[in-house]
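>
Protein chains in written order, with the working numbering: chain A, 1 to 429; chain B, 1 to 429.
1) Quick check: the stretch 282–289 of chain A against the stretch 373–381 of chain A, are there 3 or more CB pairs under 8 Å?
2) Report buried or exposed for residue 388(B), applying the criterion of at least 16 other Cβ atoms within 10 angstroms of its Cβ.
3) Can you name the residues of chain A whose CB is closer than 8 Å to the CB of residue 254(B)?
4) Compare the C-beta of residue 231(A) with all C-beta atoms of chain B and state if any pair is closer than 8 Å.
5) Three or more C-beta pairs closer than 8 Å, one from the stretch 121–131 of chain B and one from the stretch 153–168 of chain B: is that the case here?
6) So is residue 288(B) in contact with chain A if we call contact Cβ pairs under 8 Å?
7) Could you give the first and the last residue of the continuous beta strand (DSSP E) run that contains residue 149(B)?
8) What are the residues that DSSP puts in a beta bridge with residue 517(B)?
9) Under 8 Å between C-beta atoms, does residue 14(A) make it to chain B?
10) Could you tell me which residues DSSP pairs with residue 7(A) in its beta bridges?
11) Hey, is residue 265(B)'s beta-carbon within less than 8 Å of any beta-carbon in chain A?
12) If distances are taken between C-alpha atoms only, which option among 188(B), 12(B), 85(B) comes closest to residue 220(B)?
13) Quick check: what's the CA-CA separation for residue 395(A) versus residue 184(A)?
14) Mind pulling the chain B residues with CB within less than 8 Å of residue 452(A)?
15) Given a limit of 8 Å on CB to CB distance, which residues of the stretch 155–178 of chain A reach chain B?
16) Is it the case that the Cβ atoms of residue 309(B) and residue 401(B) are separated by a distance below 8 Å?
17) Below 8 Å between beta carbons: does that hold for residue 179(A) and residue 102(A)?
18) Terminal residues of the continuous alpha helix (DSSP H) containing residue 388(A)?
19) Who are the Cβ neighbours of residue 340(A) in its own chain at under 8 Å, not counting the five residues just before and after it?
20) Just the chain B side, please: which residues come within less than 9 Å of residue 191(A) by C-beta, in chain order?
21) Which residue marks the beginning of the beta strand (DSSP E) containing residue 138(B), and which one marks its end?
22) Residues in its own chain within less than 6 Å of residue 350(B) by CB, not counting five upstream and five downstream?
23) Considering residue 57(B), what are the terminal residues of the alpha helix (DSSP H) in which it resides?
24) Of the residues that make up the stretch 349–363 of chain B, which ones have a beta carbon closer than 7 Å to any beta carbon in chain A?
25) How many whole angstroms separate the CB atoms of residue 231(A) and residue 231(B), which I take to be in contact at a CB cut-off of 8 Å?
26) Taking DSSP's pairing of strands, which residues face residue 107(B) in a bridge?
27) Along the chain, where does the alpha helix (DSSP H) containing residue 120(A) start, and where does it finish?
28) For chain B, check one thing: does any of its Cβ atoms lie closer than 8 Å to the Cβ of residue 63(A)?
29) By the three-class DSSP mapping on this structure, what secondary structure does residue 48(B) have?
30) Where DSSP assigns a beta bridge to residue 101(A), which residues make up the other side?
31) Assuming residue 32(B) is part of the alpha helix (DSSP H), what are its boundary residues?
32) Assign residue 176(B) to one of two classes, buried (16 or more other C-beta atoms within 10 Å of its C-beta) or exposed (fewer than that).
33) Go to residue 81(B), then tell me how far its alpha helix (DSSP H) extends in each direction, as first and last residue.
34) Exposed or buried, which one is residue 262(A) when buried takes at least 16 other CB atoms within 10 Å?
35) Which bits of chain A does residue 108(B) rub up against, with CB to CB less than 8 Å?
36) Per DSSP, residue 164(B) is paired with what?
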């Protein structure tokens, strides 16, 4: 079993189906409960309804709702009919929520207690709820299902038998609103990693269900993967590498690559504008890749750093000026380091093989000052772009390393040739 | 409280201390139990021993061991003396493990049952263990502390009172070895996201402790952040952005930036080698940034994609040839797309403003074929480099977007000017 799970993600869909249907029923049930919703669809979609029914019964309502949501709307009714009455009722409630809100993630099945129960009565009551799968906490509700307090099962077990639930319940509990976006639900868990589940409430404080940490763990993993793929300069794949069809893979990569290419064409325009300078001083052309890539690299560093810090909420939108201040200082320092190395390199190289002409000191100064300017500019754009995207309502991760590099390439050329004109005018230019 | 946790990560250390010591004791205790080990050190390090003692008492043994591990070895003895006897004993055992092994992550405090207990006896026994903080599962041990089976607390609660534990325990449980590296422990949880805790065993199957999902969640988040920062082309920061000192920030970024810069200097050498060609056909220089950046961008996409898939084990090392095959096809397709756009752009532009000379068709073909070659090469290097690094024992995330871009820039220039010499020889060259 463990060995199969270890290889699961790297198997092809056909291999997965073969492995799955070769298992004994109890093993297959265990596997089915562990895999992702997409895997479940993949395993079941070609089976007859009676077979699908027997597997759907294993899923708690939130997982069943996720499963049904993978199909076209017209198919929902048929799939709902495969569920037993109680689950069906729960699933219909869940399908009404947006998939990416707390309500769409939650499980409507949880342990409810009354405030006037004793500890011993509660334990007996919990023992009588064999259907409830997830029990980390018990939720204390009033007659209108308004949430009054929360208790961990552990606390109930450890309290004297005759104590009343209302005496020992926590009234200062964490909860989320039913329409809270799922990324914000994830942050609630991130802020308190001892939290196993969080109650979902409506406007009136009425309890609707619970979101458990494992639903959130897979969500966070998925979102981090999306962020990383965006940082790499492509659309998020939404599926493991080998499960994405070839044409789909091309589509997800060609889109951004083409946009970046169109942006990068401006470098040809910029270079064309400086064609006269290049013709007079070919030596300037030699350093073009070095200059622009240094801007791109420092920009990649800055943007990646800020994207991740924003995602972890180590940095807030309102901190932008603190970041700007820090990144200007960083950019100047990094630019000075690279500029010095560049200067030394050209001067030393010239002694050994005099390829940069009589004005090599001026060329070296042009390169050094351009590096300071370009690295500073790369650092500033890389660090500010995620803030700008976030405030405009876009995903900061769109400020990918290639995106920032492209932006900095065009401006880097302008910085370089402008500094070159200033320093070299009267000698080479 | 929730509001404070929300802002916690973006506060400065001095602000955190101020907020923390302004809280009522119960609130402060709650906060202390939620924050990271580094935060705890930051809060306590300047306090007198008697104060530190009162806070350390709140920590379970694994957290106390983590705390002590943040200090120099010479200080360990003094800190251990602040703990009560039982915790001290547990912590000394934990300090013997490597920090990044299952043994170093585990909590030695868990619920032990005997196989011959009844369900009712077990419940009473669990109720009598008020010190044990984490209870998701109970572990059934023989007289030699060898693990025989596992039961969730929920299952115990739901079984008839007179059943024997050995009749209902699961013997097919997941466990980890005490010296298993922590990344591999994280994978055990990733493969089974319903798992709340995993038992840690020695060679003889003797139970040493449990690793809980929340220890792993923070570990995974930390490792993902490291990966993302490496992908961005810098050393991992190991702390939130504003907590890293300015000089440290420069150091972590300047290192890789300088290495990349030194690598990128080869572009100046390569350009110097083709100086004659550039002098004869300035038009070739105009497209240098466009060509090399396209290689870099396609390489970034490929490396980021593969790094993440390897981290999630969607792809194994042995899949390298399947990836290579797929990426060659992808690289050709992407190269063909960009090549066609480049070709059309040059031809159209020439009609409007004839800046590329009479041989513009040949120039356009040079650019188009170079784009195919460079994008193909970028895709291959980007996708294979993470595999090469992993098999050589390095972190695949070191194949950062800037690293791949630098690698591809130099070879991209060679590809471009070689194709240019072939196509343009006799006309422009």
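For each residue, glycine too, the CB sits at the ideal point set by N, CA and C. All of these numbers come straight from a predicted model, not from anything done at the bench.
The answer reads as follows:
1) No, the stretch 282–289 of chain A is not in contact with the stretch 373–381 of chain A.
2) Mapped onto the second chain, residue 388(B) falls at position 388. Under the 10 Å beta carbon count, residue 388(B) is surrounded by fewer than 16 other beta carbons and is classified as exposed.
3) Within the second chain, numbered from 1, the residue matching residue 254(B) stands at position 254. What residue 254(B) touches in chain A: 333, 334, 337.
4) Within the first chain, the letter at position 231 stands for residue 231(A). Closer than 8 Å to some Cβ of chain B, the Cβ of residue 231(A) qualifies, so yes.
5) Yes, since at least three Cβ pairs between the stretch 121–131 of chain B and the stretch 153–168 of chain B fall closer than 8 Å, the two stretches touch.
6) As a working mapping, residue 288(B) is identified with position 288 in the second chain. For residue 288(B), at least one C-beta of chain A is nearer than 8 Å to its own C-beta.
7) What you label residue 149(B) is simply residue 149 of the second chain in a count that begins at 1. Bounds of the beta strand (DSSP E) holding residue 149(B) are 147–152.
8) A question about residue 517(B) goes unanswered here, because the residues of chain B that appear run from 1 up to 429.
9) Within the first chain, residue 14(A) is the residue found at index 14, counting from 1. Residue 14(A) has a beta carbon lying at 8 Å or more from every beta carbon in chain B.
10) Along the first chain, one-based indexing puts residue 7(A) at 7. In DSSP, residue 7(A) forms no bridge with anything.
11) For the purposes of this step, residue 265(B) is identified with residue 265 of the second chain, where counting begins at 1. Judged by the 8 Å Cβ criterion, residue 265(B) is in contact with chain A.
12) In the second chain, residue 220(B) corresponds to position 220, counting from 1. Ranking the options by Cα distance to residue 220(B), first place goes to 188(B).
13) The count along the first chain starts at 1 and reaches residue 395(A) at position 395. The count along the first chain starts at 1 and reaches residue 184(A) at position 184. One alpha carbon belongs to residue 395(A), the other to residue 184(A), and they sit about 14 Å apart.
14) No answer is possible for residue 452(A): it lies beyond the span of chain A, which begins at 1 and ends at 429.
15) Taken in chain order, the members of the stretch 155–178 of chain A whose beta-carbon sits within less than 8 Å of a beta-carbon on chain B are 157, 158, 172, 174.
16) Along the second chain, read from residue 1 onward, the residue named residue 309(B) stands at position 309. Along the second chain, read from residue 1 onward, the residue named residue 401(B) stands at position 401. No, these two residues do not count as a Cβ contact at 8 Å.
17) Translated into the one-based positions of the first chain, residue 179(A) becomes position 179. Translated into the one-based positions of the first chain, residue 102(A) becomes position 102. If you check the CB distance, residue 179(A) and residue 102(A) come in under 8 Å.
18) As a first step, residue 388(A) must be located in the first chain, where it is residue number 388. Residues 360–391.
19) Within the first chain, the letter at position 340 stands for residue 340(A). Closer than 8 Å at Cβ, skipping near neighbours: 368.
20) Mapped onto the first chain, residue 191(A) falls at position 191. Neighbours of residue 191(A) on chain B, chain order: 2, 5, 6, 8, 9, 34.
21) For the purposes of this step, residue 138(B) is identified with residue 138 of the second chain, where counting begins at 1. Looking at the DSSP string, the run of the beta strand (DSSP E) that includes residue 138(B) is 137–141.
22) As a first step, residue 350(B) must be located in the second chain, where it is residue number 350. When the five nearest sequence neighbours on each side are left out, the beta carbons in the same chain lying within less than 6 Å of the beta carbon of residue 350(B) are those of 356, 360, in order along the chain.
23) Looking up residue 57(B) in the second chain gives position 57. Per DSSP, residue 57(B) lies in no alpha helix (DSSP H) segment and is marked neither H nor E.
24) Those would be 355, in chain order.
25) Your numbering for residue 231(A) matches position 231 in the first chain. Your numbering for residue 231(B) matches position 231 in the second chain. Taking C-beta atoms under 8 Å as the contact rule, residue 231(A) and residue 231(B) qualify, at a distance of about 6 Å.
26) What you label residue 107(B) is simply residue 107 of the second chain in a count that begins at 1. DSSP, once it has assigned bridges, lists 210(B) as partnering residue 107(B).
27) By 1-based counting over the first chain, the position of residue 120(A) is 120. For residue 120(A), the enclosing alpha helix (DSSP H) covers residues 119–127.
28) Position 63 of the first chain, counted from the first residue, corresponds to residue 63(A). Nearest CB-CB separation between residue 63(A) and chain B: not below the 8 Å threshold.
29) To locate residue 48(B), count along the second chain from 1; it is residue 48. Coil at residue 48(B), not helix or strand.
30) The sequence position of residue 101(A) within the first chain is 101, counting from 1. When DSSP reads this structure, residue 101(A) sits in a beta bridge with 181(A).
31) As a working note, residue 32(B) is residue 32 in the second chain. Where residue 32(B) is concerned, the enclosing alpha helix (DSSP H) stretches over 25–34.
32) Residue mapping note: residue 176(B) aligns to position 176 of the second chain, counting from 1. So residue 176(B) ends up on the buried side.
33) On the second chain, position 81 is the one that residue 81(B) refers to. Counting along the chain, the alpha helix (DSSP H) containing residue 81(B) begins and ends at 73–81.
34) Residue mapping note: residue 262(A) aligns to position 262 of the first chain, counting from 1. Exposed: under 16 other Cβ atoms inside 10 Å.
35) The residue given as residue 108(B) occupies position 108 in the second chain. Chain A residues near residue 108(B): none, gap ~18 Å exceeds 8 Å.
36) For the purposes of this step, residue 164(B) is identified with residue 164 of the second chain, where counting begins at 1. Residue pairing for residue 164(B): DSSP places it in a beta bridge opposite 118(B).
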